[in-house]
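Note sheet for the following structure.
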Amino acid sequence: MKRRLFLYTTLIIFTGLLCFFAASVYMTHNNNLRIAKDTVMETARIFAGFYGSEADISAFVNAGYDTRVTVISRDGSVLADNRPLDFDAMTSHLNRPEIRAALDGTPAAFVRYSETLGLNLIYYAIKADSGDDFVIIRTAIPVAKIDAYLIQSLPLLIFLFFIIVLLCFVLSRGMIRKTVKPFESIERKLRMLSDGEYISESEPLAVSYYEIDKITKGIDEIAHILQGSFKSLRDEKNKVGYIVNNISDGIFAVDESKNITMINSAALNIFEAKPDITERSMSYLFYDKVLTSAVNDCVDHEQSAFIEFSFNGRIYLVTVKRLPETKLTMVVLSDVTDSRASEKRREEFFANASHELKTPLTAIKGFNELTAINNKDGNIKKYIESITRETDRMLSLIGDMLKLSELENAKIARPVSVSLANVVNEVCETLSAAINEKSLSLEIAGDGAVEAEPEHVYELVKNLVENAVRYNNQNGKISVAIESGKKNTWLFIFDDGIGISPEEQTRIFERFYRVEKSRSQRGGGTGLGLSIVKHICALYGWKLSLKSKLGMGTEITVLFE
Ligand code: ADP
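Under numbering that gives the first Met the number 0, the letters of the sequence shown match residues 0 to 560, in that order.
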C-alpha cells in the first residue's frame, strides 16, 4: 500500500509541476511577444514622426539598432534599411501583410518568416508623410530575440523544477509513512484477532486521526466481543468434551471420507484404540461388516441405522445417524450386555413359572371335573363351577404368558402365504357363540395374502376380533375389511363398541394393562392380548395403528409391509 501510495503521489506531483512549468513557459513567451509587438509598433510610430522632419532618417536607419527599420515607397520598393542589404535585388514589398495593413489604414503587428534575413520576425508598418506623398516605415524584431532571456533561464528553471520535485517527493514520503502507520497498527490488530491472540487494550497510535481513531476503537470493541465469544466457545467446547469423554456410551463421528473426526474415551476403550486414531480411516478402528455397511449407508445415503453389534464378548446397541446441518455421521454404542442377560433371566423365569403353574393347574382342572361327575349336591356343584371358571381363566392367562415369552425369542422359521380372509372366517367361527350371545352383526370383506407363519397370523386376528366382540355393546356391529395393494396389504377391524379414551390409547399395548379390569375379566380377558399382537407385528415389521373414540367404537389397522 505504502509503495503504491508513494508512486501515485510522486506521479501526481510530477505531472502537476510539469503542467505548471509548461504553462509558465508558454505564458512568459506570450508576454514577451506582446511586449515585443508593442516595442516594434512604438518604434515604427517614432520613426514615422521623424520622417520628413529636419532630422535625417538615414541617421536612424544607419544607427545599427537591434530593431530593423525599413523605408518603403508607395510602389513597394525599399528606399532604405538599417541592414546592409541589396535593395535593388529586393522584390516589391506591397504583398507583405504588414505593408498591406498599413496601406489599408489598419496597421497591425505580424509574425512571419523573412525570406531576406532567413528568420522569424515581428513586423509592423505605418504610413509616414513625405511632403507631397507618403512612405511606409516598417520596423521588425527577430522572434528569437524575445525568447532569448527565457531560453537563457531555462536550465535554471529545469534545475529548480527537479529540486521542487525532489522536495515534494521527500515530504510526501514522510507524510505517507505517517498516514499509513495507523493502518499498519489496525492490520496488526486484525491479524492478532484472526490468529486468536489476545488484544489487551487499545495500543496508542503514533499519529492520531479522528476517523482512524474511530475505526481503531470499533476494532477494539469487536475484538473484545469476539474474545468473549471465543472464550465462552472454548469453555463450552471444553465442557462438551468433558461430558462426551465421561459418557459411558462409546461415541465417534466420521466425515464424508469415512475418516474419524472425533472419538470419546469410552469408544477408545471399546475398540482398544489410541487417541491418535482421529483423522484416520474408520477401518483402523473396526472390521465388522454390518457396522461398516451401516456407517457407509449413513454417510452415502443419509440412512440412519439401529443395529446390534458384538465385540470382544460384549453386546452393543449401535445408533448410526447423520448429524443435521453437518457432514458428520455419528455412531453411538450402548453396552447392553448386562441388561440383555437380566432380560434373558427374566424371560426364562417367566417361561419356567408359566410352565410350572400350568401342570398343577391342569391337574386341579382334571380333579375338579372328576369331582363334578361324582358329586350331585347343588351347593358343591356351584363351588365346582366356580373352580372350573377360575382354573380356565388361569390356564388362559398362563397360555398367553407362554405365547408372549415364545414371541420374545421367536424367529420367523417357516413363513408361508396365508389368506387373511380364511383366518378371519376361522376366528369368527370360533367366536360365534360370543357373537351370537351379544347379537352382533358381522361383516367381512376383501382378501389378501401375507407371508408369515399361520399360527402368528391366527393369534393376531384372534386377539383383535376377540376384543371387538368383548368390548362391544349388545346388538353392536363388527366389520373386518382386507385390502390388498401392489406392495402392501391392510387389515381393518372396526367395532362400534365402548371405545377407548385418548389417555388410555397409549397404554393398552402394555402387558396386563386393562382399562376396565372387571369387564375384561368377565369377558375372559387377560390383559395380554394386545401385547401379543404388538409382538407379532414387531417380529414381522408390520405397522399397527389404532383409532378410537370413547362411546363410539374402535378401529385397528394392521399394515402388512
Ligand atoms: P384384554 O385381555 O383385557 O382384552 P388386551 O391387551 O387385549 O387385554 O386389551 C387391553 C385393554 O384394551 C382391554 O382391557 C380393553 O380395555 C382395551 N381394548 C382393547 N381392544 C378394545 C376395543 N376394541 N374396544 C374397547 N377397548 C378395547
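Don't be surprised by glycine CBs; every beta carbon is placed ideally from N, CA and C.
(Q) Buried or exposed, going by whether 16 or more other CB atoms sit within 10 Å of the CB of N81? (A) By the Cβ neighbour-count rule, N81 is buried, with 16 or more other Cβ atoms within 10 Å of its own.
Q: Can you tell me which of the three DSSP states I242 falls into?
A: Note: I242 maps to helix in three-state DSSP.
Q: Using alpha carbons as the reference points, say which of F251, V253 and F20 lies closest to F158.
A: Restricting attention to F251, V253 and F20, the CA atom closest to the CA of F158 is found in F20.
Q) For M393, which of helix, strand or coil comes out of DSSP? A) Collapsing the DSSP output to three states places M393 in a helix.
Q. Who are the near neighbours of I175 in its chain, counting only those whose CB is closer than 7 Å to its CB and skipping five residues on each side?
A. Cβ neighbours of I175 beyond the five flanking positions: K1, L4, F5 and T8.
Q) When you compare only the Cα positions, how much space is there between T260 and K320? A) Roughly 15 Å between the two C-alpha positions.
Q.
By DSSP's criteria, V331 is part of a beta bridge. Which residues make up the other side?
A. BP columns for V331 point to I250 and T318.
Q.
For the ligand ADP, is there any heavy atom lying closer than 7 Å to the beta carbon of I507?
A. Here the distance from the Cβ of I507 to the nearest heavy atom of the ligand ADP is below 7 Å.
**Q.** the stretch 350 to 365 contacting the stretch 390 to 408, beta-carbon criterion three pairs below 8 Å
**A.** Yes, they touch.
Q. Between T429 and the ligand ADP, is the CB less than 7 Å from at least one heavy atom?
A. No, the ligand ADP has no heavy atom inside 7 Å of this Cβ.
Q. CB of D296 to nearest heavy atom of the ligand ADP: below 7 Å?
A. No, since every heavy atom of the ligand ADP falls outside the 7 Å radius drawn around the Cβ of D296.
Q) Where does P141 fall in DSSP's three states? A) Here P141 sits in strand by DSSP.
Q. If you follow the beta strand (DSSP E) that F366 is part of, which residue opens it and which one closes it?
A. Premise fails: F366 lies in the alpha helix (DSSP H), T336 to N373, not in any beta strand (DSSP E).
Q: Starting from E450, trace the beta strand (DSSP E) both ways and give me its first and last residue.
A: Run containing E450: A448 to A451, per the beta strand (DSSP E) assignment.
Q | Contact the stretch 337 to 353 vs the stretch 399 to 414: 3+ CB pairs below 8 Å | A | Result yes; three or more Cβ-Cβ pairs closer than 8 Å.
**Q.** Residue of C427, H455, T115 and G540 minimising C-alpha distance to V417
**A.** Considering only C427, H455, T115 and G540, the residue with the shortest C-alpha distance to V417 is H455.
Q. Apart from the five residues just before and just after L93, which ones in its own chain have a Cβ nearer than 6 Å to its Cβ?
A. Excluding sequence neighbours, L93 sits near G75.
Q: Please go through the same chain and pick out, in chain order, the residues whose beta-carbon is closer than 6 Å to the beta-carbon of S264, but skip the five residues on each side of it.
A: So the list reads N244, once near-sequence residues are dropped.
Q.
Let me check understanding here. Comparing Cα to Cα, which of L545, K326 and K126 lies closest to I45?
A. Looking only at L545, K326 and K126, the smallest Cα-Cα distance to I45 is reached by K126.
Q. So who's on the other strand from F491, going by DSSP bridges?
A. According to DSSP, which records beta bridges pairwise, F491 is partnered with A480 and T556.
Q: Using the Cα positions of A222 and L192, report the straight-line distance between them to the nearest angstrom.
A: The alpha-carbon atoms of A222 and L192 are separated by roughly 7 Å.
Q. In the DSSP assignment, what are the bridge partners of K273?
A. Within the DSSP secondary-structure output, K273 pairs in no beta bridge.
Q.
On a Cα-Cα basis, can you pick out the residue from W489, I411 and V514 that is closest to P501?
A. It is V514.
Q. Who are the Cβ neighbours of P106 in its own chain at under 7 Å, not counting the five residues just before and after it?
A. Cβ contact annotation for P106 (same chain, cutoff 7 Å, sequence separation greater than five): A100, Y123, A124 and I125, in chain order.
**Q.** M174, DSSP secondary structure in three states
**A.** Correct three-state label for M174: helix.
(Q) Could you check whether the Cβ of L529 sits closer than 7 Å to any heavy atom belonging to the ligand ADP? (A) Remark: the shortest separation between the CB of L529 and any heavy atom of the ligand ADP falls under 7 Å.
(Q) Tell me the residue span of the beta strand (DSSP E) that contains N119. (A) Looking at the DSSP string, the run of the beta strand (DSSP E) that includes N119 is L118 to S129.
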